[in-house]
Amino acid sequence: MLERITSRITLWRVIVAVIFVTGMYATYVRFFEGFRASTNLSDQMPWGLWVGLGTLCGIGLSAAGFGISAAVYLLGMERYRPVLRASILISFLGYCTVMMGYLYEIGLPWRFWHPIVMWNGRSVLFDVCVCIMTYFTVLIFEFAPALIEKLPGRRLREAILEHHHRILTGVVMAGVLLSSMHQSFLGGLYLITAGKLHPLWYSPYIHAMFYMSAIPAGLALTVMAVYLSMRSLNVRVDFSILSDCGGMIQLLLIVLAFFRLLDLVANHAVHYAFHWTPEAGYFWLEMAMLIVAPVVLLSFDKVRDTPDALYGTCALVVAGFIVNRLNVSINALQTAMGTHYVPKWTELSSSVMMVAAAVIAFRYAVIHLDILPKQPVTAKAFRRWMANGGLSAEA
Amino acid sequence: MPKQKAMLIDIKRCIGCGSCETACKQLHGFNPDPEPTLSDTTFTVIEPRGDKFVRKVCMHCNDPACASACPVGAIKKTALGPVVYDAGKCIGCRYCMLACPYQVPRYQWTKLAPYVKKCDLCSERVKAGGQPACTEACPVQASVFGDRNQLITDAWERIRSDSSYVPQIYGLQEAGGGSVLFVSDVEFEKLGFKPLPTGNQPVPTLTASALGDSPKVVIMGGTILSALYWITQRRREVALAESAGKSGVSQSNEERN
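First to last, the sequence lines map onto chains E and Y. Each residue of the first sequence is one higher than the one before, counting from 1 in the numbering used here. Each residue of the second sequence is one higher than the one before, counting from 1001 in the numbering used here.
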């Protein structure tokens, strides 16, 4: 009996257990002891890690859902259909975590519904709230078929799916517009911080920068999730799709780099990058991780065609993206706000818990629903796929 | 439309006695011990700058950044002048604190049901025809309360009759102007009044253009997406028709053979 229990204890399960225990404790501190006990937030730094990592990164990294659904449904790029559901699932789970995080962030979480009935059209944050709510509805709709397929009763299923299919195009279109809008509104939140946000990040077009950086980062996360699913679960996707995603990410990053540079020149902010300040350091870290290294790496066929290397590069893009969002929300603000903010461990552990919950939910969804094309388990399948660059994966 | 009220603070007259701080704390029932900066129990504070004393307090902007930022509209500019906060609406997002160009709003970080705290220019007393506790308590009339237009006239009069004053009323036009005005005999920049990002434009103009663009973006984006979708569908139809045509041709060829 004891052996049966101990044999189920693996390194990853221990890590997950630690994450959940610390996360639950942090949650307890947040809701029963308040902000002072659970965060290092202050009047000088009213928004910290929960906003920077939870909301800005959570939504930004969920951008693949609308990107790939637009590519498949509206542009007819049928090639990407195998990863469509995975990307929608990622977005769906990303928004779930953001909504959970919202309850941690706001001081009076039981009033979470106030923005639904109390409107202020001049507030960017209100628009973000509205877009999150409506786009979440769209995501539920786009994700629903994966669940409807599992309903008992063939006729019921088909009836629902037929109605679903009729309005799908319209819903996808609305989804693309809504999420484009609020990916940029997240950047728009910082328009009003002129004079506080460091000039290397502040721009009257910061909302456009947020939009342009979210799509490659979201795609990179999708590549990572699909790769990990293939490695650990018995699903198979033609690897060349992921390679092509790599090429797409590279192209989008070059576009981002071009406009980012143009924007810096237009704002006369280039010289700040060469001052000996912490902000310049953060800027170069962001540039190296989000733009320079991935663009260079992805220009090698060998990197794009080797699963591990592609995965590593995508991880770099995601990490660089997180650096960018934390720079905007924390690092570029603290000098002007006259403070130095380091998040408390409870802020970090509660955020990590939500990410872990999303990863676990993704895993079980891939196992139990038809998210990615399944393949019967064969011991050698993975090796074979590694050996010839994914050609046999189609078979 | 009632006449807009305002508060005029004269830095030359201020002796730094702290009567305004104490009166404010007393009125709100806060701990009377003085604090170095604004806090959730200090809505106004006297900051020494060299041999001068600068009162820090909510500027009660005419077009407040905090009010434009608040997602639920909990902060409002009233017709009489005070910028007031409706604790019943607030969700505690703290965006007002990030938006305020003067960094005035404070938060009750230690409470389990925390609210935003800031000066409301004693809105209730003003509505009843009275004046704020701080101006009432000022022993040297460094802070006075009255009709905004009248105070502006008085301030210019003071500047004209005494050449030691800087010829500027801070708060008259800064960030679109507000209901708290300053006159001083030392340049405002030297007293820690930072230049504002928007100059004399209200701070909400920073977001207005981006928000104003969004309907255009939606309409244009929707049109482009629909057009792309139409092209995709059309291509698909053509491809289908072509393949059908080809197979039809080959079929008829086969028949002939």
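Built from N, CA and C at the ideal position, the CB exists for glycine as well.
Just so you know, the alpha carbons of methionine 230 of chain E and threonine 1223 of chain Y end up roughly 38 Å apart. Remark: C-beta atoms of glutamine 334 of chain E and arginine 236 of chain E do not approach each other more closely than 7 Å. Put simply, the backbone Cα of histidine 165 of chain E is about 57 Å away from that of lysine 1194 of chain Y. In chain order, Trp47, Val51, Gly52, Leu56 place their CB closer than 7 Å to the CB of serine 329 of chain E, counting only its own chain and leaving out the 5 sequence neighbours on each side. At a cut-off of 7 Å, the C-beta of alanine 194 of chain E has a neighbouring C-beta in chain Y. Per DSSP, isoleucine 1009 of chain Y lies in no alpha helix (DSSP H) segment; the continuous beta strand (DSSP E) that holds it begins and ends at 1005-1010. When secondary structure is reduced to three states using DSSP, proline 109 of chain E falls in the helix class. Residues of chain Y with a Cβ closer than 7 Å to the Cβ of serine 180 of chain E are, in chain order, Gly1221.
DSSP lists Y:Lys1117 as the beta-bridge partner residues of arginine 1106 of chain Y.
Under the 7 Å criterion on CB atoms, phenylalanine 35 of chain E is classed as interfacial with respect to chain Y. By the rule that beta-carbons nearer than 7 Å mark a contact, asparagine 120 of chain E touches chain Y.
Note that the segment 254-262 of chain E does not touch the segment 95-104 of chain E; fewer than 3 beta-carbon pairs, one per stretch, sit closer than 8 Å.
The DSSP-derived three-state label of isoleucine 1075 of chain Y is strand. Collapsing the DSSP output to three states places glycine 60 of chain E in a helix.
Closer than 8 Å at the C-beta level to chain Y, one finds these residues of the segment 158-182 of chain E: Thr169, Met173, Val176, Leu177, Ser180, Met181. Beta-bridge pairing by DSSP links threonine 1042 of chain Y to Y:Ser1039. Nearest neighbour of proline 1071 of chain Y by Cα position, chosen from E:Asn40, E:Ala86, E:Trp119, E:Ala174, turns out to be E:Trp119.
By alpha-carbon distance to leucine 125 of chain E, the top candidate from Y:Gly1081, Y:Gly1073, Y:Gln1168, Y:Ala1087 is Y:Gly1073. Alanine 266 of chain E sits away from proline 199 of chain E, with the two beta carbons spaced by 7 Å or more.
In the three-state DSSP reduction, proline 294 of chain E falls in the helix class (H, G or I). Nearest Cα to isoleucine 88 of chain E within the set E:Ala26, E:Val172, E:Leu242: E:Val172. Shown here, proline 1048 of chain Y sits in a strand according to DSSP, grouped into three states. Per DSSP, the beta bridge partners of lysine 374 of chain E are E:Val235. Chain Y has no Cβ within less than 7 Å of the Cβ of isoleucine 116 of chain E.
Under the rule that a run must span 4 or more residues, the alpha helix (DSSP H) segments found entirely inside the segment 84-131 of chain E read 114-117. Rounded to the nearest angstrom, the gap between the Cα atoms of isoleucine 59 of chain E and alanine 357 of chain E is 16 Å. A Cβ-Cβ distance of about 19 Å is found for the pair leucine 1181 of chain Y and isoleucine 1015 of chain Y, leaving them out of contact under the 8 Å criterion. For the options E:Ser243, E:His182, E:Tyr227, the alpha carbon positioned closest to that of alanine 214 of chain E is the one of E:His182. Scanning its chain for C-beta atoms nearer than 7 Å, with the 5 sequence neighbours on each side dropped, one finds around tyrosine 341 of chain E the residues Asn40, Met45, Gly48, Ile330, Gln334, in chain order. Taking 7 Å as the cut-off, the beta carbon of lysine 1056 of chain Y is found no closer than this to the beta carbon of alanine 1067 of chain Y. Taking all protein chains shown into account, isoleucine 106 of chain E has 16 or more neighbouring C-beta atoms within 10 Å of its C-beta and is therefore buried.
When Cβ pairs closer than 8 Å are counted between the two stretches, the segment 344-355 of chain E is seen to touch the segment 15-30 of chain E, the count reaching three or more. A contact is defined here as three or more CB-CB pairs under 8 Å, and the segment 317-324 of chain E meets this definition with respect to the segment 275-290 of chain E. Secondary structure note for valine 1057 of chain Y: it is in no alpha helix (DSSP H), with a DSSP letter that is neither H nor E.
With contacts defined by Cβ atoms closer than 7 Å, leucine 1121 of chain Y and proline 1167 of chain Y do not form a contacting pair.
Taking C-beta atoms as the reference points, isoleucine 1011 of chain Y and serine 1143 of chain Y fail to come closer than 7 Å.
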